[in-house]
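Counted the way the working numbering counts, the sequence shown spans residues 70 to 492.
Positions of the beta carbon are idealized from the N, C-alpha and C atoms, including for glycine.
Below is one structure; the comments refer to it alone.
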Amino acid sequence: MRKTLDVWPPLPIMVDYRHFPSARSQSDYRDLIVALEHRDRIYWLTLCGVTDSLLGTMASVLQEPFPALTYLRLESFSGMALTIPDGFMGGQASSLQRIWLEGIQFTALPQLLSSASGLVELRLDKISGTRYLSPETMATCLSGLINLMYLSVEFQSPHPRSPDHARHGPPPLKRAILPALAVFFFKGVSEYLEDLVARIDAPRLKYTSIRFFNQLIFEISEVAKFIARTERLKSLSRAEVFFDGQAAGIGLYLPESTVSRNVTLRILSCQSDWQLSSLAQVCNQSLPLLSGVEQLDIRECPSRGPDWQDRMQWVDLFLPFTAVASLHIPKEFGQRMALVLQELTEPRATGVLPALKSLIFEELPSGCLQGAIEQFLAARERSGHPVNVRRWDSKWERDVQWEWGLALEWERDLEVHNTILCR
């Protein structure tokens with residue numbers, strides 16, 4: 070490696086190192102160290118499968134600044150939690166544009182970010198604990214990143230904040246402004262996110278996907294306010310409540326959006342009863358986001374067949390949708406939804422879904438279930454808020470929208486998000 074690098078002119082160097090301990094020799098380590106010694110030429114550095122021994126081998130080299138570095142990715146081996154020592158890269162990141170840390174704890178990250186004014190992407194994935202980077206510290210770190218367009222903060226497992234770190238009193242009056250942030254991903258517990266977004270504003274946010282670990286009580290009032298403070302996301306007009314074998318959630322769309330959800334809130338739970346009650350809890354704390362929703366769709370993974378027992382959980386779920394004019398019900402939900410609608414007669418005829426005008430079924434229920442729907446229609450007629458029923462025949466359209474609605478969440482590669490940022 071040393072001879073090779075001496076032959077060529079001093080061109081920029083891209084180091085992409087994938088570490089598999091059982092297949093590597095000492096010569097591989099030596100070649101990596103030799104390449105890293107040209108730190109003034111390295112503009113791209115990827116180290117995947119990092120172990121404690123590899124970090125020890127590179128320790129002296131990685132304590133020096135890399136003035137040309139624009140892209141940095143560090144990924145720990147097999148999900149193990151690794152801690153980067155203080156003094157990494159001399160605490161300087163003047164040229165860095167993208168940072169991606171996966172399974173890496175970096176106590177000196179605030180110092181590094183303070184010099185990264187040109188950063189456009191920050192991904193902190195598989196974080197092992199909240200004590201590593203508190204919401205207060207995170208917000209302080211982000212406050213100087215005026216060019217940041219993409220932010221991902223994802224924890225590996227649920228770690229609620231300890232009582233001694235609980236937030237006291239109202240949220241801070243002054244918030245950090247992230248003027249360029251367009252895409253925001255989060256995975257963790259609601260307490261952490263609440264404390265974080267209470268301290269930041271993102272006026273140009275276009276897409277956000279939030280995944281909560283399942284918990285008994287969700288507190289997301291600050292999350293809803295954070296999204297509602299974004300000018301672009303004030304006019305969310307369509308929502309879909311969706312269920313699959315791994316999670317339940319709600320996706321929200323702007324009027325001009327056809328495929329990618331602008332806002333997604335998911336609860337990671339595979340139990341039907343928990344899914345429904347947790348989602349109802351989240352939706353009822355999201356009034357600033359749901360007040361303008363006029364169309365509500367219900368989606369379900371075709372291979373899933375949950376057993377929904379409590380009709381009143383559906384009633385609770387529908388409560389915040391006060392502006393919904395049309396409700397779309399797929400074939401697999403038709404029978405269950407007919408029984409739910411039976412609950413929305415007197416005295417709830419206009420207290421739930423008061424603006425509803427159209428029920429759109431992919432397949433109309435028959436027999437006694439049809440009678441349940443007729444009871445609902447009669448109650449709405451008597452209240453002076455009639456509802457019409459029609460059939461939704463476009464199954465192909467439903468399936469396509471389901472698949473593409475998930476695309477933003479499942480496709481996490483850089484090319485997809487670069488396309489989003491360009492838009």
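- Between V310 and R368, the gap from beta carbon to beta carbon is short of 8 Å.
- M127: member of the alpha helix (DSSP H) spanning 121-127, first to last residue.
- In the structure shown, T333 adopts extended strand secondary structure according to DSSP, grouped into three states.
- With a cutoff of 8 Å on beta-carbon distance, A185 and L202 are scored as not near each other.
- By the Cβ test, the segment 216-226 is in contact with the segment 252-268, since at least three Cβ pairs between them sit closer than 8 Å.
- Straight-line spacing of the CA atoms in V421 and F390 works out to 8 Å.
- In the structure shown, M218 falls within a coil segment according to DSSP collapsed to helix, strand and coil.
- Of all C-beta pairs linking the segment 323-334 to the segment 387-407, fewer than three are shorter than 8 Å, placing the two stretches out of contact.
- Straight through space, the alpha carbons of Q439 and R459 are spaced by roughly 13 Å.
- The C-beta of E415 has fewer than 16 other C-beta atoms within 10 Å across all chains shown, which makes the residue exposed.
- In this structure, R268 sits away from L337, with a CB-CB distance that is not shorter than 8 Å.
- Look at E415 here: in three-state DSSP terms it is coil, with no helix or strand label.
- Membership of L428 in any alpha helix (DSSP H) is not indicated; the residue belongs instead to the beta strand (DSSP E) covering 427-430.
- Three or more Cβ pairs closer than 8 Å define a contact, and the segment 144-162 meets that threshold against the segment 119-129.
- Comparing alpha-carbon positions, the option among H88, V103, Y112, Y261 lying closest to P81 turns out to be Y112.
- Secondary structure of Q225 (DSSP, three-state): coil.
- Nearest neighbour of L428 by Cα position, chosen from M207, V393, V351, turns out to be V393.
- DSSP, read as helix, strand or coil, puts E190 in strand.
- Considered as a whole, the segment 151-185 harbours 151-153, 167-171, 173-175 as its complete beta strand (DSSP E) runs of no fewer than 3 residues, in chain order.
- In this structure, DSSP gives A137 a state outside helix and strand, which the three-state scheme calls coil.
- The beta carbon of L188 sits closer than 8 Å to those of A162, L165, Q166, R167, I168, L182, L214, N216, L217, all from its chain and outside the five residues before and after it, given in chain order.
- Counting of Cβ neighbours within 10 angstroms places V76 among the exposed residues, the total staying below 16.
- If you draw a straight line from the Cα of S278 to the Cα of L74, it is about 43 Å long.
- Ranked by Cα distance from G160, the first of L178, I173, P241 is L178.
- Taken through DSSP and simplified to helix, strand or coil, C339 comes out as coil.
- Residue pairing by DSSP puts R142 in a beta bridge opposite T115, W169.
- Residue burial annotation: E450 is exposed, with fewer than 16 other C-beta atoms found within 10 angstroms of its C-beta.
- The beta carbon of R99 sits closer than 8 Å to those of M70, all from its chain and outside the five residues before and after it, given in chain order.
- Under the criterion of beta carbons closer than 8 Å, L345 and Q382 qualify as touching, at roughly 4 Å.
- Residues of the same chain with a CB within less than 7 Å of the CB of Q315, apart from the 5 flanking positions on each side, are L337, C339 in chain order.
- Taking each of P241, E300, I102 in turn and checking the Cα distance to D264, the smallest one comes out for P241.
- Ranked by Cα distance from R380, the options S212, E171, A407, I173 are led by A407.
- It is roughly 29 Å from the alpha-carbon of Q411 to the alpha-carbon of L305.
- In the DSSP assignment, E291 falls outside any beta strand (DSSP E) and within the unbroken alpha helix (DSSP H) covering 290-297.
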